[in-house]
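Asker: For reference, the structure I am asking about is given below.
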Amino acid sequence: MQQHFEKYIAGMNLEKGKLRILLTVSGGRDSMCMLHLFMKSGFEIGVAHCNFGLRAAESDGDEAFVAEFCAENQVPFYARSFETAAYAGSNGISIQMAARDLRYEWFNELSDEKGYDYIATAHHRDDLTETFLINLIRGTGIAGLHGILPVSGKLIRPMLFAGREEITSYVNSEKIAFRDDSSNESVYYLRNKIRHEVIPVFEKIEPSFSQKINETAVVIRKGEEIILNSLAIAEREVVTKADGITVIDKRELMCKKPTDYYLYHFLKPFGFTYSQTENILDCITGQSGKEFLSHQYKLIIGRKGLIIQEVESKDDKEYYLIEDFEQITHPLCLKMKQEKINPATFTFPGSELEVCLDKEKLKFPLLLRRWQEGDAFFPLGMDNKKLLSDFFIDEKFEIPQKTGTWLLLSQNDIVWIVGHRIDHRYRITDSTKEIIRFSICKQEK
């Protein structure tokens, strides 16, 4: 088995003498087997042990066992205890999910702190089979069917070459001590139910069932690489990102088949579900302006594209500007300067990024907020009120421009559509003596 282990990790490009590997060891058969194999292989290793406090004295006994073994063999040992049940309750998740979150968060922290290059877990071939079936039962995509990856970032699984029987045989022949986890026998947990009740049925039909599943997972993994490469190329053709806004070109998207699969791939990072993807596709050729929400993002169907941006909290929608402010940098960079002028000789700004308003007409504090349905103003040069929605149409604003537009208000009057147009009532006239100059500045990165 040592030779198979050495060959397998060589295929993972792990170089002896150059890499430090943190082994996650529970004290059970699989992880103790992994620890012995690594000790014989010449790698610099350390051991991390989690005490989840779920089996009282039994959990403490596991920690003491691993600690004693490491002390006897001069292997660096690290342990941490967790309030797993309390964490699960406060976060509304299962005990298993809580334990998973806690251990991987700590493993990553520990490896960074102590300078380990990789984190090794003792997942083996039968674990992959169980994971494959669990994902299949719950419903999954290609990523769920390729099973446990041998390498995923800093995480490595050097025992995937072996099955449970091979590990048991090696542990017995080498007389490797280990601790039995009584919870592994309980069919209360889905994984154990699959291990003890489901897989044996398949193995009666096909004795090499686990091996076949592993071979299938490898094929799926290679197919996934091809698909991901194709999706990456499509994403460059369809998706653009700028200033916190993502736009999916509708025309380019509809050329990709199957369109629902491509769109779901593009939307999944923003928290949209496959069901929402189907609804979005149903509406994509209809009237623009329809909105869809995920937990953190908003998708708006525009005339030419699907616009995705982060949902703003109420605190991010309104800002008050006092009279003596000179510059703000959030939510946009805006400077203010008070000046005395002679209207007869005054030179007006030549850019929409800078405007001058009659100070006497302004009432502080000014309000900076997003536009809302029903907003109206008197565009410069007009004596009649106009809805902002009509102004946006006349100016051919795309949806990202509309949703990204800020308004400057004095009391309830819109005095400036920031970056676009001032209100006629607040313009400089022959009687103006003092102005406030507003200018949009570049954000410092």
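Under the numbering used here, the first residue of the sequence shown carries the number 311, and numbering increases by one thereafter.
Where is the CB? At the ideal position from N, CA and C, for every residue including glycine.
Remember, predicted model here, so these are calculated numbers, not experimental data.
For the putative contact between Ile466 and Ala430, defined by C-beta atoms under 8 Å, what is the C-beta separation to the nearest angstrom?
Answerer: Confirmed, about 5 Å.
Asker: Assign Glu440 to one of two classes, buried (16 or more other C-beta atoms within 10 Å of its C-beta) or exposed (fewer than that).
Answerer: Flag for Glu440 reads buried.
Asker: Keeping to the same chain, check which residues put their C-beta closer than 8 Å to that of Gln606; ignore five residues upstream and five downstream.
Answerer: Same-chain partners within the cutoff: Phe580, Gly581, Glu620, Val621.
Asker: Would you check if the distance between the CB atom of Asp733 and the CB atom of Phe688 is smaller than 7 Å?
Answerer: Yes, these two residues count as a Cβ contact at 7 Å.
Asker: For Leu438, which of Ile738, Pro468, Leu412 has the nearest alpha-carbon?
Answerer: That would be Pro468, whose Cα lies nearest to the Cα of Leu438.
Asker: Following a CB-centred definition, is Ala395 positioned closer than 6 Å to any heavy atom of the ligand HEM?
Answerer: The model on display carries no ligand, and the ligand HEM is accordingly not part of it.
Asker: Could you compute how far the alpha carbon of Met646 sits from the alpha carbon of Val725?
Answerer: About 14 Å.
Asker: At which residues does the alpha helix (DSSP H) containing Thr770 begin and terminate?
Answerer: Residue coverage of the chain in this structure runs from 311 to 755, which leaves residue 770 outside it and unanswerable.
Asker: So what does DSSP say about Trp716, is it helix, strand or coil?
Answerer: The answer is strand: DSSP assigns Trp716 an E or B state.
Asker: Please name the residue or residues paired with Cys360 in a DSSP beta bridge.
Answerer: DSSP output for Cys360 lists Arg390 as bridge partner(s).
Asker: Suppose only complete runs of 4+ residues qualify. What are the alpha helix (DSSP H) ranges in the stretch 499-579, listed by chain order?
Answerer: 500-503, 509-515, 519-548, 560-564, 569-577, all fully within the stretch 499-579.
Asker: Would you call Arg731 buried or exposed, if buried means 16 or more other Cβ atoms sit within 10 Å of its Cβ?
Answerer: Looking at its Cβ environment, which holds 16 or more other Cβ atoms inside 10 Å, Arg731 is buried.
Asker: Tell me the rounded alpha-carbon separation between Arg561 and Ile537.
Answerer: If you take the alpha carbons of Arg561 and Ile537, they lie about 21 Å apart.
Asker: Just reading off the alpha helix (DSSP H) that Asp437 is part of, what are its end residues?
Answerer: Here the alpha helix (DSSP H) through Asp437 covers 435-448.
Asker: For Val665, count neighbouring C-beta atoms within 10 Å of its own C-beta (all shown protein chains included) and say buried if the count is 16 or more, exposed if not.
Answerer: Val665 should be labelled buried.
Asker: Among the residues of its own chain, which have a CB less than 7 Å from the CB of Phe442, if the five just before and after it don't count?
Answerer: Result list for Phe442: Leu455, Gly457, Ile523, Ala527, in chain order.
Asker: What does DSSP give as the partner residue(s) for Thr595 in the beta ladder?
Answerer: Partner(s): none; Thr595 has no beta bridge.
Asker: Assign Ile452 to one of two classes, buried (16 or more other C-beta atoms within 10 Å of its C-beta) or exposed (fewer than that).
Answerer: Ile452 should be labelled exposed.
Asker: Along the alpha helix (DSSP H) that carries Gly402, what are the first and last residues, could you check?
Answerer: No alpha helix (DSSP H) holds Gly402; DSSP gives it neither H nor E.
Asker: Is it the case that the Cβ atoms of Asp634 and Thr742 are separated by a distance below 7 Å?
Answerer: In this structure, Thr742 does not lie closer than 7 Å to Asp634 by Cβ.
Asker: Alpha carbon to alpha carbon, how far is Gly425 from Met322?
Answerer: About 20 Å.
Asker: Which residues in the same chain as Val549 place their Cβ atom closer than 8 Å to its Cβ, once the five residues preceding and following it in sequence are excluded?
Answerer: Cβ neighbours of Val549 beyond the five flanking positions: Thr556, Val557, Ile558, Asp559, Phe576.
Asker: Kindly indicate which residue of Ala366, Arg365, Phe379 has the alpha-carbon position closest to the one of Ala358.
Answerer: Checked all of Ala366, Arg365, Phe379; the closest Cα to Ala358 is Phe379.
Asker: Would you decide whether Ala654 is buried or exposed? Buried here means 16 or more other CB atoms lie within 10 Å of its CB.
Answerer: Its Cβ having fewer than 16 others within 10 Å, Ala654 is exposed.
Asker: Decide if Met349 is buried, meaning its Cβ has at least 16 other Cβ atoms within 10 Å, or exposed.
Answerer: Met349 comes out exposed.
Asker: Can you tell me whether DSSP reads Asp372 as helix, strand or coil?
Answerer: If DSSP states are grouped into helix, strand and coil, Asp372 belongs with the helices.
Asker: Note down the Cα distance separating Leu719 from Gly729, rounded to an integer number of angstroms.
Answerer: The alpha-carbon atoms of Leu719 and Gly729 are separated by roughly 14 Å.
Asker: Asp570 to Gly533, Cα distance in whole Å?
Answerer: Looking at the two C-alpha atoms, the distance is approximately 19 Å.
Asker: Taking all protein chains shown into account, do 16 or more other C-beta atoms lie within 10 angstroms of the C-beta of Leu603, making it buried, or fewer, making it exposed?
Answerer: Per the 10 Å Cβ criterion, exposed.
Asker: What's the call for Ser391, buried or exposed, on a 16-neighbour Cβ count within 10 Å?
Answerer: Burial call: exposed.
Asker: Within 10 angstroms of the Cβ of Gly327, are there 16 or more other Cβ atoms? Answer buried if so, exposed if not.
Answerer: Per the 10 Å Cβ criterion, exposed.
Asker: Less than 7 Å between the beta carbons of Leu677 and Ala686, yes or no?
Answerer: No.
Asker: Between the Cα of Leu663 and the Cα atoms of Ser585, Ile611, Val508, Lys752, which residue gives the shortest distance?
Answerer: When only C-alpha atoms are compared, the closest one is Lys752.
Asker: Measure the alpha-carbon distance for Tyr428 versus Ile331 and round it to whole angstroms.
Answerer: In a straight line, the C-alpha of Tyr428 is about 5 Å away from that of Ile331.
Asker: Suppose you measure from the CA of Ser369 to the CA of Ala377; what does that come to, to the nearest Å?
Answerer: Cα-Cα distance, rounded: 13 Å.
Asker: How close, in whole Å, do the beta carbons of Ile651 and Ile745 come, if the pair is a contact with beta carbons under 8 Å?
Answerer: Indeed, because the Cβ distance is near 6 Å, the residues count as touching under 8 Å.
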